[in-house]
Amino acid sequence: MKSIKLFSTLIFVVLLQSCSTHQYTVFWVSGIKTECSAGVATMQCLNTYTGDNVDDANWQNFYADIDGFEFQQGYLKKVKVKKEVENHPTADGSSVKYILLQTLEKKADSRIRVGGKWRLQTIYASHFDKGIGRPDIVIDLNRMQIGGSAGCNGYMGQINRLTAKTITFGNIATTLMACIDKNVERDYLDALSEVDSYRVIDDHIVFYDQKNNEILSYTKAMENKTDWRIHDIWTAVSIMGQSVESISRMPTMEINLTQMKVFGNDGCNDYTGKVIRIADGQITFSNLAATRKMCQTMETPNAFNQAMRQVVAYRLNGLRLLLINQQNEIVLTFLKGD
685 MKSIKLFSTL
695 IFVVLLQSCS
705 THQYTVFWVS
715 GIKTECSAGV
725 ATMQCLNTYT
735 GDNVDDANWQ
745 NFYADIDGFE
755 FQQGYLKKVK
765 VKKEVENHPT
775 ADGSSVKYIL
785 LQTLEKKADS
795 RIRVGGKWRL
805 QTIYASHFDK
815 GIGRPDIVID
825 LNRMQIGGSA
835 GCNGYMGQIN
845 RLTAKTITFG
855 NIATTLMACI
865 DKNVERDYLD
875 ALSEVDSYRV
885 IDDHIVFYDQ
895 KNNEILSYTK
905 AMENKTDWRI
915 HDIWTAVSIM
925 GQSVESISRM
935 PTMEINLTQM
945 KVFGNDGCND
955 YTGKVIRIAD
965 GQITFSNLAA
975 TRKMCQTMET
985 PNAFNQAMRQ
995 VVAYRLNGLR
1005 LLLINQQNEI
1015 VLTFLKGD
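When you read off a place in the sequence shown, starting at 1, and then add 684, the result is the number in our numbering.
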């Protein structure tokens, strides 16, 4: 009889262990959430690091939730977490569950100070002619992207690495406007490609190269309010002052500020691109990617795409959206589409 009870107990224990296994782990959670892919959609992921040198961490996306954990932007947290591996996945397909056991340490995440919009002060430690277009940079920590105006063209790129002292950027893409006025664009973009580290002092940020030479310095820009009326669907009614012929397909444009994207149809082909910068009535787009159909007439699509490449600013007038070039000329007029 005792043997039967013992055997039953052993079976019960084995069954419990087969249902789930428990593991314990300790890691740091970043004070910044970043955009990550979840199948066809995007989401905001926690970032984690399992090492000891958190000031030089190689952060990784963490795609799961941690039960009991409260994310605080701008604060690093060292946590002890229980990891349960379930043999029977939940409805969303997850077979792993994370549960917070203890917050071991909490401190400020200094990287948060890097984010925002900055206006250029010096290039290679030298001031430049204040009469020319002043470059700026917008550092988006959630998307791990940079963008802004290089003095004439808009630009954008990825942040490859960001630690408490180090920052590096990927290849920089720019718009392709012909810049007539004097500018520092070439020097500015060259300097951006050399950036290796940074320091934030009050409302200033300084970028250095690998030899610790100062190459770019900025001051913090005033926070700007975006007119969210531009976040809509628009139909082009004139291009370079000429009415769009009603016999042709009217070009359309949708601006999505949540995703910072622009897309639509140029009168023949579908196109898509990114909103690189929008502030103070200024807006710039990335180069547009488009399908390659040949339509019966390409006059309107070609004129539309040429005008889109010139856009640096916008103005809203009732139900109309005016896109403006560097010479303050209206290159495109849209009518609210819905």
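By construction, the Cβ of each residue, glycine as well, lies at the ideal position given by its N, Cα and C atoms.
Proximity of residue i and residue j at Cβ, strictly below 8 Å
i	j	result
Gly835	Tyr808	no
Gly735	Asp793	no
Phe711	Tyr733	yes
Leu1019	Ala991	no
Gly965	Arg1004	no
Met934	Thr919	yes
Ala974	Asp950	yes
Val713	Val798	no
Asn988	Ile923	The amino acid at residue 988 is misidentified as Asn; the sequence shows Phe. Yes, the Cβ-Cβ distance between Phe988 and Ile923 is below 8 Å.
Asp820	Trp802	yes
Lys764	Leu788	yes
Thr936	Ile967	no
Asn826	Glu719	yes
Thr806	Ser877	no
Lys866	Ile816	yes
Ala741	Thr847	yes
Thr859	Phe947	no
Range covered by the beta strand (DSSP E) that runs through residue i
i	result
Glu938	936 to 940
Trp802	800 to 807
Arg845	838 to 846
Cys720	718 to 722
Met727	725 to 733
Val832	According to the sequence as given, residue 832 is Gly; it is not Val. Unbroken beta strand (DSSP E) run through Gly832: 829 to 833.
Val884	881 to 885
Thr903	898 to 904
Gly948	945 to 949
Asp820	820 to 824
Phe891	888 to 892
Gln744	744 to 746
Pick from the options that is closest to residue i, judged by C-alpha positions
i	options	result
Lys977	Leu1006, Cys952, His811	Cys952
Trp743	Ile750, Phe1018, Asn731, Arg827	Asn731
Phe755	Gly948, Leu784, Glu770, Arg797	Leu784
Tyr955	Ile967, Ile1008, Asn986	Asn986
Asn737	Gln829, Leu760, Arg870, Phe988	Leu760
Ser881	Ser833, Gly723, Arg845	Arg845
Asn1012	Val996, Asn1001, Gly1021	Val996
Ala857	Lys866, Asp751, Gln829	Gln829
His888	Asn1001, Leu804, Phe947, Gly831	Leu804
Gln707	Thr981, Trp912, Tyr782	Tyr782
Gln994	Gly1002, Gln980, Asn1009, Lys866	Asn1009
Gly925	Ile1014, Gly832, Thr903, Met727	Ile1014
Leu1007	Thr903, Val921, Ile843	Val921
Gly758	Ile796, Asp740, Thr981	Ile796
Thr910	Phe891, Leu941, Glu983, Ser927	Leu941
Val928	Met982, Phe891, Tyr892	Met982
Asp893	Ala875, Asp886, Gln728	Ala875
Gly752	Met944, Gln786, Thr859	Gln786
Lys791	Cys863, Asp739, Gln842	Asp739
Gln833	His811, Ser810, Arg870	Before going further, note that residue 833 is Ser rather than Gln in the sequence given. Nearest of His811, Ser810, Arg870 to Ser833, Cα basis: Arg870.
Element boundaries [alpha helix (DSSP H), containing residue i]
i	result
Gln1023	Past the boundaries of the shown model lies residue 1023; the chain is included only from 685 to 1022, so the question cannot be answered.
Tyr872	869 to 878
Residues sharing a beta bridge with residue i, DSSP
i	result
Phe1018	Ala920, Leu1005
His915	Answer is none; His915 lacks a bridge partner.
Phe853	Ile843
Ile962	Ile967
Lys790	Lys761
Ser927	Ser922
Ala974	Tyr955
Short CB-CB distance (under 8 Å) between residue i and chain C
i	result
Ala722	Annotation note: the requested chain C is absent from the structure, which comprises a single protein chain.
### Task
Could you tell me whether the stretch 847 to 862 touches the stretch 897 to 906, where touching means 3 or more Cβ pairs closer than 8 Å?
no
### Task
Check whether the stretch 954 to 962 touches the stretch 823 to 840, taking contact to mean three or more Cβ pairs, one atom from each stretch, closer than 8 Å.
yes
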